[in-house]
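Using the numbering used here, the first residue of the sequence shown is number 32, and each one after it goes up by one.
Glycine residues also receive a C-beta, built at the ideal position from the N, C-alpha and C atoms.
Only a predicted model underlies this, so the values are computations on that prediction, with no experimental measurement involved.
One structure below.
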Amino acid sequence: MVGPAWAAAQQLGQEGIDAAVVNARWIKPLDEEAILDLASVSGRILTVEENVRTGGFGEGVRTLLAENGLAGLPLRSLTLPDQFIEHGAQPLIRGDCGLDAKGIVGAVLELLDQSSGYATYR
């Protein structure tokens, strides 16, 4: 997911929006220090994973934030839907699920528009 996330960050940069991209290859162990540092600097987090939400990376990040007093930090997780996904070309499937650069840019813009103090999980 680094490729689409990087492409989205480049597009956002052209609009004057700085976005950090972190390659979190493994769900466990979480790089807790890096995640908490990014959360404190950015004030919001978007996780993107080619996985279903339940038991995924985004849930781990949400738990980490809650355990460290950051439960109110705006958080959004882009994941695969918890349903059967037709087979097809990876770019097409990612696009259908909002996991391409366009979907990531849209999620970032929505996250930036949110008022702080709550987390959104879709």
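In the three-state scheme derived from DSSP, where H, G and I count as helix and E and B as strand, residue 135 is classed as helix. The beta-carbon distance between residue 140 and residue 79, rounded to whole angstroms, is 14 Å. This is too long to meet the 8 Å contact definition. The beta carbon of residue 38 lies closer than 6 Å to those of 132 in the same chain, with the five residues before and after it left out. Note: residue 78 is bridge-paired with 108 in the DSSP secondary-structure output. Annotation for residue 114: no alpha helix (DSSP H) segment contains it, and DSSP assigns it neither H nor E.
Residue state for residue 53 is assigned as coil, using DSSP reduced to three classes. Residue 100 counts as exposed, since fewer than 16 other beta carbons sit within 10 angstroms of its beta carbon. The beta-bridge partner set that DSSP reports for residue 72 is empty.
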